[in-house]
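Trainee: In my numbering, the protein residues as written are 146 to 1067.
The beta-carbon is built from N, C-alpha and C at its ideal position, and this holds for glycine as well.
1. Kindly indicate which residue of 444, 328, 504 and 374 has the alpha-carbon position closest to the one of residue 389.
2. Report back the beta-carbon spacing between residue 257 and residue 885 to the nearest angstrom; my notes put them in contact at under 8 angstroms.
3. If you compare alpha carbons, which of 806, 772 and 299 is closest to residue 262?
4. When you compare only the Cα positions, how much space is there between residue 549 and residue 945?
5. Quick one: residues in its chain with C-beta nearer than 6 angstroms to the C-beta of residue 578, no 5 flanking neighbours on either side, listed in chain order?
6. Tell me which residues share the same chain as residue 734 and place their Cβ nearer than 6 angstroms to its Cβ, disregarding the 5 neighbours each side in the sequence.
7. Terminal residues of the continuous alpha helix (DSSP H) containing residue 486?
8. Sort out for me which residues DSSP pairs residue 505 with in a bridge.
9. Just to check my reading of the structure: residue 557 and residue 542 have Cβ atoms closer than 8 angstroms, yes? What is that Cβ distance to the nearest angstrom?
10. Please classify residue 1059: does DSSP put it in a helix, a strand, or coil?
11. If you draw a straight line from the C-alpha of residue 168 to the C-alpha of residue 582, how long is it?
12. Would you report the Cα separation of residue 1029 and residue 1053, rounded to the nearest angstrom?
13. Can you tell me where the alpha helix (DSSP H) with residue 430 in it begins and where it stops?
14. Could you name the residues of the same chain whose beta carbon sits closer than 7 angstroms to that of residue 567, not counting the 5 residues immediately before and after it, in chain order?
15. Across which residues does DSSP place residue 592 in a beta bridge pair?
16. Do residue 485 and residue 404 count as a contact pair if the criterion is CB distance below 9 angstroms?
17. I'd like the span of the alpha helix (DSSP H) that includes residue 214, first residue to last.
18. Locate the alpha helix (DSSP H) running through residue 313, then write down its first and last residues.
19. For residue 945, does the three-state DSSP call read helix, strand or coil?
20. Could you check which residue in 614, 597 and 325 has the C-alpha nearest to that of residue 223?
21. Terminal residues of the continuous beta strand (DSSP E) containing residue 982?
22. For residue 774, name the three-state secondary structure that DSSP assigns.
23. Please classify residue 350 as buried or exposed, where buried requires at least 16 other C-beta atoms within 10 Å of its C-beta.
24. Quick check on the burial criterion: 16 or more other C-beta atoms within 10 angstroms. Buried or exposed for residue 900?
25. Going by the DSSP bridge assignment, what does residue 957 pair with across the sheet?
26. Determine the closest residue to residue 1023 out of 1038, 1035, 1033 and 1002, with distance taken between C-alpha atoms.
27. Should the segment 506-513 be regarded as contacting the segment 421-436, the criterion being three or more beta carbon pairs within less than 8 angstroms?
28. Quick one: what does DSSP say residue 513 is sitting in, helix, strand or coil?
29. Check whether the Cβ atoms of residue 802 and residue 874 lie closer than 9 angstroms to each other.
30. Sort out for me which residues DSSP pairs residue 893 with in a bridge.
31. Can you give the Cα-Cα distance for residue 399 and residue 337, rounded to whole angstroms?
32. So, residue 474 versus residue 1041, is the Cβ gap smaller than 9 angstroms?
33. Residue 959 to residue 363, Cα distance in whole Å?
34. Do residue 753 and residue 202 count as a contact pair if the criterion is CB distance below 9 angstroms?
35. Taking only the alpha-carbon atoms, compute the straight-line gap between residue 386 and residue 736 and give it to the nearest angstrom.
36. Can you give me the C-alpha to C-alpha distance between residue 607 and residue 616, rounded to a whole angstrom?
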C-alpha cells in the first residue's frame, strides 16, 4: 500500500508541476530549441456532419483514443476493458455467475444504461446483442452492444461522444455515442502474440499461484487496390482464456446422514436410488429398509443414539423422520459433512462454485475495404465474423439437495452454462460528390446469436435416463439499416454546412426452443408429466424437478420470431457565423411500426472567448425505442404448486397475461439533456483542459420488474392469474423516471525534448443517477403495496449505486528512442452491494440496508522495447499491487463462495495480471 501511494503521489506531483510550468511558460518567452511540443491536435468527426475539427473546438465533448498506437503498450486487449481503463465516463466489468452475461460484459456511459449508448462502426449503426440482461447485474433488463465481438486490433481509434445525440443519430444515443474507426493501413503485416495470467495469492480459490491464463494472437494485413487510393485491410484475432477461481471454501452442509448410508451401499454395489422411483409407492420397501439398516452400521461416525434410532425405524416413513436434515443442527450437519469428506477423500474446496471470469475461446475476422470508381465516387465495405464459446459455472448441486439425483451424482455436481455467441456484420455503400454535395448511400446488416448448451448437468426428473448435456435453445437478433445522407458546405459568413438524410431499419428477434429434456418434467414412467401421473421423488419424498439444472431450456410456447421496421428523416445545419461563434442545430423524425413516432431536436454552440479558450453548451431531446427483445422476450417454467400446474417467469409485453392485467404496451423512453463546458489550451507547452457539466432527464424508463406473486396481487389480478394458471410473473414496463447529473474533466499534456516524448493525461467523471417521481404502476397491478415489486430495492441499487459515481485516471507515457514506458493509476469510487443485509449487526435489517464497497486505486505499468524495426516486446502488469474490492460481509457470501460482490461494476475480482506481448510487423 505504501508503494502504491508513493507511485500515485509522484504521478500527481509531476502532473501539477508540469501544469505550473506550463502557466509560466505561456507568459514568458523561452528558447524554442530547448523543448519541442506537438502542435498537431487530434481531430474528431463524431458529433458533427461538417467534417473533422480539433476536439477542443467541438461544440460537444468528444474523447479520442488512438488504439492502434496504444495497443503495443496497454495491458488490456479487448474494447470493453480498454475503454474501462482509459475512459472514466465508461464502465464495463467482467461478470460472474450471471448466465449469458458472463460472456458479454455490460457497458455503460456516464452512469446510464447499456442500451442508452449508441455504437457506430466507421460511422454506421452497429447492431445490438441478442442477449437480454435479466440477472442480478448492473444494466439488468437492458440490451447492450457486444463490443467484444470486434477485435481491438482492427481499430485505428475510438471516438466517444459524451453528449445526448439522438436528434443526430437516432435511438439509443441518450448517454452518447461510441464510434469505432477501423484501420486503413496498407503495405504491411502487423501482429502481436500475448500471454498473461493472474499472479495473485487469491488465485485458485485463494490457494495462490497462477490462473486465468490468456493467450491471444492478433494479425492485421492491408494492401492497396489499384492506384487511386483503394485498399483493403483485414484482421484476424484468436483468444484462449482460462477461467479464474475466486471462491473461498464452501462452509455449509454438503452431505446428510442418508448420503452417508447411500455411499456405503454404493461401495458394496448397491444403488439405493434404483430400488424406488416414487418413495411413496415402493413395492420393495422392506428391501430398502433392510439395506439402510445394514449399511448405516458401516458409518462409524454416527452416534450410538442415531444408530439405535435408525435400527429401530422399520418403515420408510420412520427412517425419513430419523434421517431428515431438519432433525439436526447446522453444526451437526457440518460434522456429518466433514466426516464424510474424509471418508471419500474429498475436501470442502471440491464443492466450490466457479466464481470469477468464465472460460472463453474467441475467434474474430474483420475487414475494411474501399475502392474508387473515379475521381469523385468510391465504393466501400466493412464487416466481420466472430465466434465465441464460453463456459461458466452455476451454483453447485450438493448431494443433500432434492434437485440432485444422487443415483447418478453421489457427490453432487457443478453444472456449466456453455454459450456459443456468433456475430455477423457486413456494410456496403457508395459515396462521393455531385454538384457540390457529399452523398453517402449504404446498407448495413448485423446479426448476433446466443445458443445455450448446458453441460455437466441433468434433468433430475429423468433420474438414470437423464442426459448430461442439453441444447437449451437460443436467442438471435438481426438488423438491417439503409442510409442515404447528403451534406454540403456553403461559403456564407465563415461557412455553413447543411446535412440531411433518411434511414430505414428492419429488426428481427427470435427465440428458439430447446430440446424437450431441457425444459420438460417427466413422471415416474419416464413420460412427460401431464399433471396427474405419479412423479419421481427423492428418498425424503421431495418431487424431483424437471428441466436442465442451472438453466431451463426455452419451451415451445417461449419461441418467437418477430420483426419490426422504422423509418427516419433528419436535418442538421451548422452555422459558423464568425470565427468565434459556431451554432449547430439538428432535428430528427422517426416512426416505428410497433409504437409510433417521435420527433427530437438538438442545439449546440461553441463560443471562442479567446484564441485558446472556448465555451460550449448544448441542449437536446432524445429517445430510446424499446428494444424488440424487451417487447417479445419471455421465459417461463411450469411448477407444481398447491396441487396445480402453475406458470412462473417472464411474460412478454404482448402476452395474454399482460393484456388481461392491463399492462400498457411498451413505448419509447424520452430524454431531455443539457450540458455546458469550456476548453482551454496552452499550446506552447502542449497543455489542454476540458470540463463539461451535464444533466439528463429520462422519462418512462423501461425496467424489468420483480416477480408479482399471485398471493401478493389484488383480487382482480388473482382472477386473471387463475384463468391462465399463473403463480408469478414479471414484465418489462415503462415504470420509472430518472435524473442524471455529472461532470467530466479532462487534462492532457504532451512534450518533446532531446528525443524524449512524454504524454500525460488526467480525466475524471463524477455522476449521480436517481429515480425521481412516482412509480408508473398500471392496470390491475396498480397498488402502493406493489411499487417495491415494480422497482425493487435491488433494482434501485443496480440503477443508482452499483456503478462508481466517481472514476478518475492519471496516465503517463514516456518514449525514448526504441523504448516506451507506461504508468496509469485509475481511481474507482465506492459502490453499493445489492443485497439487503444486517450491515451494522444490530439484528434489524432495514429495507435499504446495504454494504458499502470502498473506493480503490488500480495501478497499471508496462514497458515496451523495439529490438528492430520489425520486432518488439512488451512486458507489463495490470493491477500492480493486487488490489481487490472490499470483501462481502458473511451474509452475502453464500457459504463463503462470493468473497467479493458479484452485483456491482467496479474493476472486477481477478487481481494482478502479468503479461508479455511480442509485437511484429513486416
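Mentor: Walking through what the data contain:
1. 504
2. 6 angstroms
3. 772
4. 38 angstroms
5. 521
6. 714 and 744
7. 475-489
8. 386 and 535
9. 5 angstroms
10. strand
11. Bear in mind that the predicted position of residue 168 carries a pLDDT of just 42, short of 50, making it unreliable; the figure below should be weighed with that in mind. For residue 168 and residue 582, the distance between alpha carbons rounds to 44 angstroms.
12. 8 angstroms
13. 430-441
14. 532 and 594
15. 569 and 623
16. yes
17. 212-215
18. 311-314
19. helix
20. 325
21. Careful: residue 982 lies outside any beta strand (DSSP E) and carries neither H nor E.
22. helix
23. buried
24. exposed
25. 905 and 968
26. 1002
27. no
28. strand
29. yes
30. 833 and 906
31. 46 angstroms
32. no
33. 25 angstroms
34. yes
35. 43 angstroms
36. 16 angstroms
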